[in-house]
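Notes follow once the structure below has been shown.
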Amino acid sequence: MEVECPGCSAKFQVPQSVKTFTCPYCGLVFGERAREDHYYFPTMNNEPYAVLLNFLRRQFGIPSDIASSSSLQVRQLHYVPVYFYYLYGRMIGRCGGKGWTEAEEAVYRGVVASKVFRDILEDYPFPVRGKKFFREEIMNMGVYHSPEFSELDARNYVKNMLYKMLRDELSRECKNVSEIRVGDLKIDFRGLIHYPIYYIEYSYNRGKYTAYIDGVDGKVISAEYPIKLQTKTLQITVSLTLLMVGAFLGLSLSFTLWSPLPFIFSMIPAIGSSIPLLRRSLTKKVKTSEVKMIQEEPQPFTAYIKKFLT
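The opening position of the sequence shown corresponds to residue 46 in this note's numbering, with each subsequent residue numbered one higher.
In structure tokens:
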């Protein structure tokens, strides 16, 4: 038989005997059991540590024996509570006192209800398909985390976030926007979902490194890894060479033209290119991710320099 999704109005075929439906387009669960708004995602079949090592082998500067010389120390499955919402909003404003401009947003958003994982999963692109109704035995399959705040608190958070997204889009369209009006603001709660995250801790050459793996598709959310000495030496050499070449060319042109501007303009790109290499070579651990920009954990010396500069 054919059913229509109340969320996105899509129509699709389902067996006659099925009483609960999951929309293949937007992930909304509806039907007789739709009142049960607590779900979970099943874990993948792959071993998370093997997934991590396979990812780390492709990272620049990692020791070639990372797979053979590292050992797994901790492997924990965490079920993290996430409030899921479908957000839709429309906002209009007058641009410079003349015409009207419009902003529109439609997005799925998960609000992590755990302080431990809030920063790790910030802006994480959670999937909307594949969830199942929650079963009590899930609470005994790993480290189970209960929500640390209510759905109402999460709703207020995403409401403010949606409003800010619309305001920011209006500001990008027009710098002097005024007479702002909210045309529509829809916050559709899609349920509390316990999402599986693997915490991995491994050792290599007397050092300890951590990683977080998506328990559904094996995506590496965050992972620390060592850099071999040869790579650090090469990065330092290249960064110092860039600085010396920039200084030499800048000074030569400055003396020729009797102006400090050539030196300044030549050093700006040289410093901009060398600083990332120097930072990377002075770090104890490098952090990488399939979903976030690469971050680095500085040693005390580089941490002090960063604190001094800021």
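Where a beta carbon is used, it is the ideal one built from N, C-alpha and C, also for glycine.
**Asked** To which residues does DSSP link residue 123 through a beta bridge?
**Response** 188, 242
**Request:** Please state whether DSSP places residue 55 in a helix, a strand or coil.
**Result:** coil
**Prompt:** Out of curiosity, what's the CA-to-CA distance linking residue 298 and residue 292?
**Reply:** Distance between the alpha carbons of residue 298 and residue 292: 10 Å.
**Asked** Going straight from the alpha carbon of residue 331 to that of residue 294, what length do you get?
**Response** 33 Å
**Message:** Just to confirm the assignment, what range does the alpha helix (DSSP H) spanning residue 216 have?
**Reply:** Where residue 216 is concerned, the enclosing alpha helix (DSSP H) stretches over 196-218.
**Item:** Proximal residues to residue 179 (C-beta, below 6 Å), its chain only, five neighbours per side dropped
**Value:** 83, 84, 85
**Asked** Three-state secondary structure (DSSP) at residue 105?
**Response** Correct three-state label for residue 105: coil.
**Prompt:** Nearest-angstrom Cα distance between residue 21 and residue 69?
**Reply:** Nothing in the structure corresponds to residue 21, since the chain is present only between 46 and 355.
**Prompt:** Counting along the chain, where does the beta strand (DSSP E) carrying residue 160 start and finish?
**Reply:** That residue, residue 160, is in no beta strand (DSSP E); its alpha helix (DSSP H) goes 160-163.
**Residue span of the alpha helix (DSSP H) that contains residue 111, given as start and end** = 111-114
**Asked** What residues in its chain sit with their C-beta under 8 Å from that of residue 177, if we drop five residues either side in the sequence?
**Response** 84, 85, 86, 87
**Request:** Hey, could you find the ends of the beta strand (DSSP E) residue 267 is sitting in?
**Result:** 265-270
**Message:** Tell me whether residue 125, by its Cβ, gets closer than 6 Å to a heavy atom of the ligand PLP.
**Reply:** The model on display carries no ligand, and the ligand PLP is accordingly not part of it.
**Item:** Pair within 7 Å by beta-carbon distance, residue 140 and residue 222
**Value:** In this structure, residue 140 sits near residue 222, with a CB-CB distance shorter than 7 Å.
**Asked** What's the gap between the Cα of residue 46 and the Cα of residue 174?
**Response** 21 Å
**Request:** Assign residue 154 to buried or exposed, taking buried as 16 or more other Cβ atoms, counted over all protein chains shown, within 10 Å of its Cβ.
**Result:** buried
**Request:** Would you check if the distance between the CB atom of residue 107 and the CB atom of residue 101 is smaller than 7 Å?
**Result:** Contact: yes.
**Item:** CA nearest to the CA of residue 89, picked from 253, 302, 242, 313
**Value:** 242
**Prompt:** Between which two residues does the beta strand (DSSP E) harbouring residue 154 extend?
**Reply:** 145-157
**Prompt:** Expressed to the nearest angstrom, what Euclidean distance is found between the alpha-carbon atoms of residue 233 and residue 164?
**Reply:** 24 Å
**Request:** May I have the straight-line CA-CA distance separating residue 313 from residue 335, to the nearest angstrom?
**Result:** Cα to Cα, residue 313 sits roughly 30 Å from residue 335.
**Asked** What are the boundary residues of the beta strand (DSSP E) that residue 49 is part of?
**Response** Unbroken beta strand (DSSP E) run through residue 49: 47-49.
**Asked** Fully enclosed by the region 292-320, which alpha helix (DSSP H) runs are 4 residues long or longer?
**Response** none
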